[in-house]
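S.K.: Just dropping this structure here.
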Ligand SMILES: *Cc1c(COP(=O)(O)O)cnc(C)c1O
């Protein structure tokens, strides 16, 4: 049995320290429900830094996606095009409105949705195109927006993983009509659970506020625009407590610090593994298109088979390193299998079998990174 140097988890939520100061201030302010002092600070931060026309904090990215589906008036039988290789919430939000999901395959050379597939799947019933910036790496947005604009179909960017990442200089989440972000503890910037709806078409703003406040016009009431508030539309409770926003704001203030460390870890992984990948021929590394920046949300390998991946996971585990895989193609899930139209989505299935994610978090030390790399090198060389 190899001696384990150190146990390295897959993720560890980052605490800068200011979070606790701001939470104390929020509590002392006497208002800890939604849309308090720190929620406003977060909204201003997002609008200023990433040029979203408006930002609204939500309790999760899942909730932001549900808001997007309501805002787009998705109804029974409407078609929604989305990738199969994604988190279940991307799909569920639209299923809850009765949508018919039309799954598109990923690209050959990266897990993002293939724009050619989108084009082929558009019909007169298509009411939304939902794209996912996998690992925080931009989808091919010019081509996607060209297809969408030609057919007048709104685009929603599931940018859950894509904070502080750009497509040709534009922040991800600012390009489609709506963008959604997650601050779940596994993401780059966190608040435990938390999310954001980025609104880039102001026509959605008034109704978004109403949907977020249980279907009432309470937000207008607080601004003094109406003298009483009441029930005006469908909605739910999508706004987070100001305590969550207080935690989040401390993270946002430190986004550059957090990103610099994550990117350094990513580059060390990449630099060391590139030759191993080439020499062994048994896995490939992430491919970054020219138009995309890298926000180091994730570092993953694409193994040559599910067998290689399973063996590598066990090998790394025996050396104290917790590497994980994710996303089982949604078109093959228990819930959707029988509803799928039967098209083969071979890239989505390949990523389902072959992607392996390495530990990636702010506090991963240089010696941790070395231990992760050693465990991989030992396996392939
Ligand atoms: C994390 C994630 C979500 C869900 O985010 P929550 O904030 O946990 O609801 C949705 N889509 C993608 C692509 C994700 O990675």
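Numbering (this note's numbering), first residue to last: 1275 to 1655. The beta carbon of each residue, even a glycine, is placed where N, CA and C say it ideally should be. Computed from a predicted model, the values in this text were never measured in an experiment.
(1) Which residue wins for smallest C-alpha separation from residue 1456, given the options 1443, 1371, 1496, 1431?
(2) Would you call residue 1585 buried or exposed, if buried means 16 or more other Cβ atoms sit within 10 Å of its Cβ?
(3) Using the DSSP secondary-structure output, state which residues sit across from residue 1417 in a beta bridge.
(4) Measure the alpha-carbon distance for residue 1625 versus residue 1385 and round it to whole angstroms.
(5) Who are the near neighbours of residue 1413 in its chain, counting only those whose CB is closer than 7 angstroms to its CB and skipping five residues on each side?
(6) Write down the C-beta distance between residue 1313 and residue 1355 rounded to the nearest angstrom, noting that I regard them as a contact closer than 8 angstroms.
(7) Measure from the alpha carbon of residue 1536 to the alpha carbon of each residue in 1509, 1637, 1424, 1427, then state which is nearest.
(8) Is it buried or exposed, residue 1341, if we count other Cβ atoms within 10 angstroms and call 16 or more buried?
(9) Could you name the residues that DSSP lists as bridge partners for residue 1396?
(10) Going by C-alpha distance, which of 1284, 1296, 1288 is nearest residue 1523?
(11) Does the stretch 1467 to 1485 come into contact with the stretch 1440 to 1455, if we say contact requires no fewer than three beta-carbon pairs (one atom in each stretch) closer than 8 angstroms?
(12) In angstroms with no decimal places, state the Cα-to-Cα distance between residue 1532 and residue 1589.
(13) Residue 1441 bridges to which residues according to DSSP?
(14) Following a CB-centred definition, is residue 1360 positioned closer than 7 angstroms to any heavy atom of ligand 1?
(15) Tell me whether residue 1280 is buried or exposed, calling it buried when 16 or more other Cβ atoms sit within 10 Å of its Cβ.
(16) Who pairs with residue 1633 in a beta bridge, going by DSSP?
(17) Just grab the DSSP bridge partners of residue 1357 for me.
(18) For residue 1453, write down the residues that DSSP places opposite it in a beta bridge.
(19) If you check the beta carbons only, do residue 1556 and residue 1597 fall under 8 angstroms apart?
(20) For residue 1635 versus residue 1288, is the C-beta distance shorter than 8 angstroms?
(21) Taking the Cβ atom as the reference point for each residue, do residue 1562 and residue 1569 lie within a distance shorter than 8 angstroms?
(22) Suppose you measure from the CA of residue 1640 to the CA of residue 1572; what does that come to, to the nearest Å?
(23) Using the Cα positions of residue 1377 and residue 1411, report the straight-line distance between them to the nearest angstrom.
(24) Measuring alpha carbon to alpha carbon, tell me which residue in 1444, 1591, 1330, 1327 is nearest residue 1650.
(25) Determine the DSSP secondary structure at residue 1650, reduced to helix, strand or coil.
(26) Answer yes or no: the CB of residue 1406 versus the heavy atoms of ligand 1, is any distance below 7 angstroms?
(27) Buried or exposed: where does residue 1423 fall if 16 or more other Cβ atoms within 10 Å of its Cβ makes it buried?
(28) Who are the Cβ neighbours of residue 1558 in its own chain at under 8 angstroms, not counting the five residues just before and after it?
(29) What span of residues does the beta strand (DSSP E) with residue 1328 cover, start to end?
M.R.: In terms of the structure at hand:
(1) Counting from 1 along the chain shown, the entry for residue 1456 is found at position 182. The shortest Cα separation from residue 1456 among 1443, 1371, 1496, 1431 belongs to 1431.
(2) Within the chain shown, residue 1585 is the residue found at index 311, counting from 1. Looking at its Cβ environment, which holds fewer than 16 other Cβ atoms inside 10 Å, residue 1585 is exposed.
(3) Translated into the one-based positions of the chain shown, residue 1417 becomes position 143. Its beta-bridge partners do not exist; DSSP assigns none.
(4) Here residue 1625 is taken as the residue at index 351 of the chain shown, counted from 1. Here residue 1385 is taken as the residue at index 111 of the chain shown, counted from 1. When rounded, the distance between both Cα atoms is 7 angstroms.
(5) Translated into positions along the chain shown, residue 1413 becomes position 139. Closer than 7 angstroms at the Cβ level, and outside the excluded window around residue 1413, lie 1386, 1387, 1405, 1407.
(6) The residue you call residue 1313 lines up with position 39 of the chain shown. The residue you call residue 1355 lines up with position 81 of the chain shown. About 33 angstroms separates the beta carbons of residue 1313 and residue 1355, which is beyond the 8 angstroms limit, so they are not a contact pair.
(7) In the chain shown, counting from the first residue as 1, residue 1536 sits at position 262. Cα-wise, what sits closest to residue 1536 is 1637.
(8) Within the chain shown, numbered from 1, the residue matching residue 1341 stands at position 67. Residue 1341 is buried by the Cβ-count criterion.
(9) In the chain shown, residue 1396 corresponds to position 122, counting from 1. Residue 1396 pairs with nothing; no bridge assigned.
(10) For the purposes of this step, residue 1523 is identified with residue 249 of the chain shown, where counting begins at 1. When each option's Cα is compared against that of residue 1523, the closest is 1296.
(11) Per the Cβ contact rule, the stretch 1467 to 1485 is in contact with the stretch 1440 to 1455 (3 or more Cβ pairs under 8 angstroms).
(12) Position 258 of the chain shown, counted from the start, is the residue given in the question as residue 1532. Position 315 of the chain shown, counted from the start, is the residue given in the question as residue 1589. Taken atom to atom, the span from the alpha-carbon of residue 1532 to that of residue 1589 is near 30 angstroms.
(13) Along the chain shown, read from residue 1 onward, the residue named residue 1441 stands at position 167. Looking at the DSSP assignment, residue 1441 forms a beta bridge with 1444, 1566.
(14) In the chain shown, residue 1360 corresponds to position 86, counting from 1. Yes.
(15) Taking the chain shown and counting its residues from 1, one reaches residue 1280 at position 6. Residue 1280 should be labelled exposed.
(16) Within the chain shown, the letter at position 359 stands for residue 1633. Per DSSP, none; premise fails for residue 1633.
(17) Counting from 1 along the chain shown, the entry for residue 1357 is found at position 83. Per DSSP, 1378.
(18) As a position in the chain shown, residue 1453 is number 179, starting the count at 1. In the DSSP output, where bridge partners are listed per residue, residue 1453 has 1431, 1472.
(19) Numbered from its first residue, the chain shown carries residue 1556 at position 282. Numbered from its first residue, the chain shown carries residue 1597 at position 323. Not a contact, by the Cβ cut-off of 8 angstroms.
(20) Counting from 1 along the chain shown, the entry for residue 1635 is found at position 361. Counting from 1 along the chain shown, the entry for residue 1288 is found at position 14. Yes. Within cutoff.
(21) As a first step, residue 1562 is located in the chain shown; it is residue number 288 there, counting from the start. As a first step, residue 1569 is located in the chain shown; it is residue number 295 there, counting from the start. Result no, Cβ atoms of residue 1562 and residue 1569 do not sit closer than 8 angstroms.
(22) Mapped onto the chain shown, residue 1640 falls at position 366. Mapped onto the chain shown, residue 1572 falls at position 298. Cα to Cα, the separation comes out at about 17 angstroms.
(23) What you label residue 1377 is simply residue 103 of the chain shown in a count that begins at 1. What you label residue 1411 is simply residue 137 of the chain shown in a count that begins at 1. Taking the straight line joining both Cα atoms gives about 20 angstroms.
(24) For the purposes of this step, residue 1650 is identified with residue 376 of the chain shown, where counting begins at 1. If we check each option's Cα against that of residue 1650, 1591 comes out closest.
(25) Counted from its first residue, the chain shown places residue 1650 at position 376. In this structure, residue 1650 counts as helix in the three-state DSSP scheme.
(26) Stepping through the chain shown from its first residue, residue 1406 is reached at position 132. Yes; taking the cut-off as 7 angstroms, the Cβ of residue 1406 has a heavy atom of ligand 1 nearer than that.
(27) Position 149 of the chain shown, counting from 1, holds the residue named residue 1423. Label assigned to residue 1423: exposed.
(28) Position 284 of the chain shown, counted from the first residue, corresponds to residue 1558. These residues qualify, in order along the chain: 1551, 1575, 1576.
(29) On the chain shown, position 54 is the one that residue 1328 refers to. Element bounds for residue 1328: 1328 to 1332.
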